Amino acid sequence: KEVRRAQWHVTLASRALVLARLGKLEDSKQIVGDNFDPVSTFTSVEFGGLYGIKSLAYLAYGEPTEALRWAKDAIHANPREPEWHLLAGRAMEYLRKKSTRFSGLPKEEISYFKKAVDLSDRANYVLYLAKIYVQVIRATVQHYAHDTTFKNSPLYQEIGNLTRTTVELYRKILDSHTNCSETQIRCLNGMLKLPRQYLNEDEMKTIIERISKEANKSKKFYGTAASFYLKIERSNRKALTYFERGSDHGDHQCAMNALRLRLKMRQDFDVEGSLLYL
Numbered sequence: 059k060e061v062r063r064a065q066w067h068v069t070l071a072s073r074a075l076v077l078a079r080l081g082k083l084e085d086s087k088q089i090v091g092d093n094f095d096p097v098s099t100f101t102s103v104e105f106g107g108l109y110g111i112k113s114l115a116y117l118a119y120g121e122p123t124e125a126l127r128w129a130k131d132a133i134h135a136n137p138r139e140p141e142w143h144l145l146a147g148r149a150m151e152y153l154r155k156k157s158t159r160f161s162g163l164p165k166e167e168i169s170y171f172k173k174a175v176d177l178s179d180r181a182n183y184v185l186y187l188a189k190i191y192v193q194v195i196r197a198t199v200q201h202y203a204h205d206t207t208f209k210n211s212p213l214y215q216e217i218g219n220l221t222r223t224t225v226e227l228y229r230k231i232l233d234s235h236t237n238c239s240e241t242q243i244r245c246l247n248g249m250l251k252l253p254r255q256y257l258n259e260d261e262m263k264t265i266i267e268r269i270s271k272e273a274n275k276s277k278k279f280y281g282t283a284a285s286f287y288l289k290i291e292r293s294n295r296k297a298l299t300y301f302e303r304g305s306d307h308g309d310h311q312c313a314m315n316a317l318r319l320r321l322k323m324r325q326d327f328d329v330e331g332s333l334l335y336l
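Each residue of the sequence shown is one higher than the one before, starting from 59 at the first, in this note's numbering.
Listed below in structure tokens is the structure:
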């Protein structure tokens, strides 16, 4: 409700622009003249909505620099709206992923996601923050994989602390969403990307076994369960079982992984026939 006028403003402006480009200038002028509320009458919350919508549009069309600029304007107009902090963080995430250069911990980017979580405890915000932490942890460990001094550095300790924090974020969501298998699958997926020494393997197995008994579980579950048995239990046989079940339920990635795992296990099977399921 707070940004309804901003949404209407953007919608009408888009219609007016389309009509103008089609040469229907009078129709375009009529839309603007009859329906537009002057932006001078907007509240700070509505200005935040207007800038936030612009940021979202730029992000959707692959323009993260402009998206970040408008997200910062939205935050300036309405600093209490967590969505604008999330948008700024997402724009910075986009820019980070476009760069091939490792530049250390993206502290400004992280700060936007943390602020969104501080303003709202919605599960999606917490899961997004945890996902960013996972990306940062994996990128840092990969960058220093061949550096023999890394494990004795302060950064290594910082990454260890960040990993513990990430696990706690996932456990917080697991505890508060015991009846939502979809959310629990998202948590397990993120946790499986972290070093196993930080994970509660028995707890994860219990969750997987419980979800496996549900009648209408998401097809995403099969890939998650397979990854657990591959990484944690080191059981190719169990992993293959779940990859194949996922393939039977139409999961393309599971089908590919089942094929790869069968080849790795050197089982006799019809490769050409298996490809028909992809």
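By construction, the Cβ of each residue, glycine as well, lies at the ideal position given by its N, Cα and C atoms.
Predicted, not measured: the structure shown is a model, and the values here were computed from it.
Could you work out which residue in 237, 64, 115 is closest to residue 98 when comparing CA atoms only? 64
Once the 5 residues before and after residue 138 are set aside, which same chain residues still bring their CB inside 7 Å of it? 177
Going by C-alpha to C-alpha distance, which of 159, 189, 123, 250 sits closest to residue 201? 159
Mind checking whether residue 225 and residue 252 have CB atoms under 8 Å apart? yes
Take residue 249 as the anchor and find which of 80, 222, 124 has the nearest alpha-carbon. 222
When the Cα atoms are used, what is the spatial distance from residue 271 to residue 239? 11 Å
State the Cα-Cα distance for the pair residue 293 and residue 140, rounded to the nearest angstrom. Rounded to the nearest whole angstrom, the CA to CA distance from residue 293 to residue 140 is 42 Å.
Could you name the residues of the same chain whose beta carbon sits closer than 6 Å to that of residue 108, not counting the 5 residues immediately before and after it, in chain order? 64
Grab me the residues of residue 287's own chain with a C-beta within less than 6 Å of its C-beta, minus the 5 sequence neighbours each way, in chain order. 293, 296, 297
To the nearest angstrom, report how far apart residue 236 and residue 268 are at their CA atoms. 11 Å
Ignore the nearest five residues each way along the sequence and tell me which others in residue 170's own chain have a CB closer than 6 Å to its CB. Within the same chain, Cβ atoms closer than 6 Å to the Cβ of residue 170 are found at 143, 146, 147, the five residues on either side in sequence being excluded.
Here's the rule: buried if 16 or more other CB atoms are within 10 angstroms of the residue's CB, otherwise exposed. What is residue 228? buried
Residue 202 by DSSP, collapsed to three states: which one? coil
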